[in-house]
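Asker: Numbering (mature numbering (1 follows the signal peptide of the UniProt record, and there is no 0)), first residue to last: -24 to -1, 1 to 407. Every residue gets a Cβ at the ideal spot worked out from N, C-alpha and C, and that includes glycine.
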Amino acid sequence: MPQLTKMKTPVLLLCFLLAKGVFGDFVMEGDSVTLHTDLTDLQKYERILWTFGPGRTRIAQINNVVNKISLYNDVLDGKFRDRLQLDDRTGSLTVTNTRTEDSGLYELQIIGGIEVPPKKFSIIVSAPLPVPVISRNSSQCSSSSSCSLLCSVVNVGHVTLSWYKGNSLLSSISVSDLSISLSLPLEVEYQEKNPYSCVINNPISNQTQHLDISQLCQPCEVDASSLIPEDGLPLSHMVLICVSVVVTVLVLAAVGMLSIYWKYKNTNQLGQTPKQEYTEMNNGDGLAETDELKTVSVRVGETVTLNTGVTAIKSFDVLQWRFGELNTDSTNPFIVFARLNEQSNFDGTGHYETFRNRVQLDQQNGYLTINDIRPTDFGIYKLNISRNGRNVISKTFIVRGDETLQFWSECNFSLKDKICSNNNNTLFLLK
């Protein structure tokens, strides 16, 4: 494959460093690297100083004033111990037996004499490159005509990973970090005969792994045996198990519903929970809906919130709250006092003046909150939520105080007439 293509990314990196006035070099781990000063006469200068890293830690120095050469082996936890050599004629620095952690920025400073700007060297020490691993991207076969592959390497830095079809580059990915994992996918046809290879390279070495399509890519062959799981259980047994599970779930659901029915039936017979369900025809169109009746006890001066049971009302056309007094013989005791339409427009009519500054209507879920409860607030609150002119939710709340508890506990319900009667008093529950 073309060597120029393989080297493109690292060469661009070196060109960038040179443009910034930094000399770059790659070296294989274990080799030696020499950083040249390009000086011929050190006696013209007072000091030649070498530093390393972002902190510019001093690692070597030639002091011509006192005629002394110093190698600082103890700095940086002794990482350069016995591996630095300083040429007393040129001032060039050599690092022997290089390691990957020696990668970084080395800086030369020349002090005294003719002014010479600092010189910087960016050194990258590369560990031996691993051989790329090609694997199937999916552990199972596929019914499609293509095979998905993945080329991977781990713990690499300053490398390029590429897929080639013959000598043609298909795709590549480069990284400048140290100790990173790379993966590059590839899709091939099952019947392809073209040679494919995955290559990892840096400026000083490369490793290649060739693809064996016949070994990694095997199309699915559907036969009767594929219908039998690995544990050998016949398909008929599996169907029987599934049917048994479904029947069990249905039985448990029926038992649960029956239990709830008897619980509410017995509770209503004892008069402990004044909750009743009824069926109402909406505008004669046959739409049946269930009305829930809930009782809420509250003391005068407290706050009560009536829960609609919905999480959002934006999909409905109109939400409407109505209020009716207890012990009334009116044929239409409910008066609309709060309304919320689809555009979240709120208005109040009728008895709303009675609740002025004490009613809050949540525009998200329709919850009705009444603050500073007064005796005149005790009564029936009816919620209707309609969509396209049809009621979809209807709920009734009885807000009572201690003075209404006895009345309601003696209340007799009539589903047929949709009324509640107590002695001589009659209370309509529906409009």
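Rounded C-beta distance between Asn182 and Phe2? I'm assuming under 8 Å.
Answerer: Contact flag wrong, Cβ pair sits at about 12 Å.
Asker: Can you check DSSP and say which residues form a bridge with Lys96?
Answerer: Residue pairing from DSSP places Lys96 in a beta bridge opposite Val(-3), Glu83.
Asker: Let me know if Asn364 comes out buried or exposed under the rule of 16 or more other beta-carbons within 10 Å of its beta-carbon.
Answerer: exposed
Asker: To the nearest whole angstrom, what separates the beta carbons of Val225 and Ile176, a pair I think is in contact under 8 Å?
Answerer: Between Ile176 and Val225 the Cβ distance is about 54 Å, and since that is not below 8 Å, they are no contact.
Asker: Which residues in the same chain have their Cβ closer than 7 Å to the Cβ of Ile87, if we skip the five residues on either side of it in sequence?
Answerer: Excluding residues within five positions, the ones whose Cβ falls inside 7 Å are Tyr21, Glu22, Arg23, Leu25.
Asker: For His186, does the three-state DSSP call read helix, strand or coil?
Answerer: strand
Asker: Looking at the secondary structure, which residues open and close the beta strand (DSSP E) in which Arg350 lies?
Answerer: It is not in any beta strand (DSSP E) - Arg350 carries neither H nor E in the DSSP assignment.
Asker: Is Gln194 helix, strand or coil when you go by DSSP?
Answerer: In the three-state reduction of the DSSP assignment, Gln194 falls in the coil class.
Asker: Does DSSP put Thr76 in a helix, in a strand, or in coil?
Answerer: helix
Asker: CB-CB under 7 Å to Trp384, same chain, minus the five flanking residues each way: which ones, in chain order?
Answerer: With a pLDDT of 48 at Trp384, under the threshold of 50, the modelled position of this residue cannot be trusted, and the question is left open.
Asker: Mind listing, in chain order, the continuous alpha helix (DSSP H) runs of no fewer than 4 residues lying wholly within the segment 127 to 156?
Answerer: Runs of the alpha helix (DSSP H) inside the segment 127 to 156: none found.
Asker: Leaving aside the five residues before and after Val286 along the sequence, list all residues of the same chain whose C-beta is less than 8 Å from its C-beta, in chain order.
Answerer: Asn341, Gly342, Ile361, Ile369
Asker: According to the Cβ coordinates, are Leu69 and Leu11 closer than 8 Å?
Answerer: yes
Asker: Can you tell which of Val109, Lys358, Gln336, Ile356 has the C-alpha that lies nearest to the C-alpha of Asp348?
Answerer: Nearest C-alpha to Asp348: Gln336.
Asker: What does the alpha-carbon distance come out to for the pair Thr281 and Leu344?
Answerer: 6 Å
Asker: How would you call Val222, buried or exposed, if buried means at least 16 neighbouring beta carbons within 10 angstroms?
Answerer: exposed
Asker: Distance, Cα to Cα, Val164 vs Gln61?
Answerer: 53 Å
Asker: Out of curiosity, what's the CA-to-CA distance linking Val215 and Leu192?
Answerer: For Val215 and Leu192, the distance between alpha carbons rounds to 35 Å.
Asker: In or out: Tyr140 buried (at least 16 other Cβ within 10 Å) or exposed?
Answerer: buried
Asker: Name the DSSP beta bridge partners of Met4, please?
Answerer: Ser102
Asker: So, at 6 Å on beta carbons, what are the nonlocal neighbours of Ser157 in its own chain, with the 5 sequence-adjacent residues on each side left out?
Answerer: Val130
Asker: What are the residues that DSSP puts in a beta bridge with Cys123?
Answerer: According to DSSP, residue pairing for Cys123 in a beta bridge involves Val164.
Asker: At which residues does the beta strand (DSSP E) containing Phe331 begin and terminate?
Answerer: Phe331 -> no beta strand (DSSP E), and no H or E assigned at all.
Asker: Taking just the CA atoms, how far does Ser144 sit from Cys127?
Answerer: 17 Å
Asker: Classify Ala230 as helix, strand or coil using the three-state DSSP reduction.
Answerer: helix
Asker: Take Glu171 as the anchor and find which of Ile180, Gln185, Arg332 has the nearest alpha-carbon.
Answerer: Position check: residue 171 holds Pro in this sequence, whereas Glu was assumed. Distances from the CA of Pro171 to each of Ile180, Gln185, Arg332 were compared; the closest alpha carbon is that of Gln185.
Asker: Is the separation between the beta-carbon of Pro94 and that of Glu83 shorter than 8 Å?
Answerer: Pro94 is a Cβ neighbour of Glu83, given a cutoff of 8 Å.
Asker: Can you round the beta-carbon distance between Ile356 and Thr372 to whole angstroms, since I take them to be within the 8 Å contact cut?
Answerer: 6 Å
Asker: Quick check on this structure: which residue in Cys123, Asn73, Asn39, Asn43 has the alpha carbon closest to the alpha carbon of Leu187?
Answerer: Cys123
Asker: Can you tell me the Cα-Cα spacing of residue 446 and Leu162, whole angstroms?
Answerer: Because the chain in this structure spans residues -24 to 407, residue 446 falls outside the shown range and cannot be described.
Asker: Alpha carbon to alpha carbon, what distance is there between Ser155 and Thr76?
Answerer: 10 Å
Asker: Within its chain, find whatever has a CB closer than 8 Å to the CB of Thr279; leave out the 5 residues flanking it on each side and keep chain order.
Answerer: Thr345, Ile346, Asn347, Asp348, Ile349
Asker: What did DSSP end up calling Gly355 once you bin it into helix, strand or coil?
Answerer: strand
Asker: Does the distance from the C-beta atom of Ser152 to that of Thr136 stay below 8 Å?
Answerer: no
Asker: Note down the Cα distance separating Pro30 from Ser102, rounded to an integer number of angstroms.
Answerer: 20 Å
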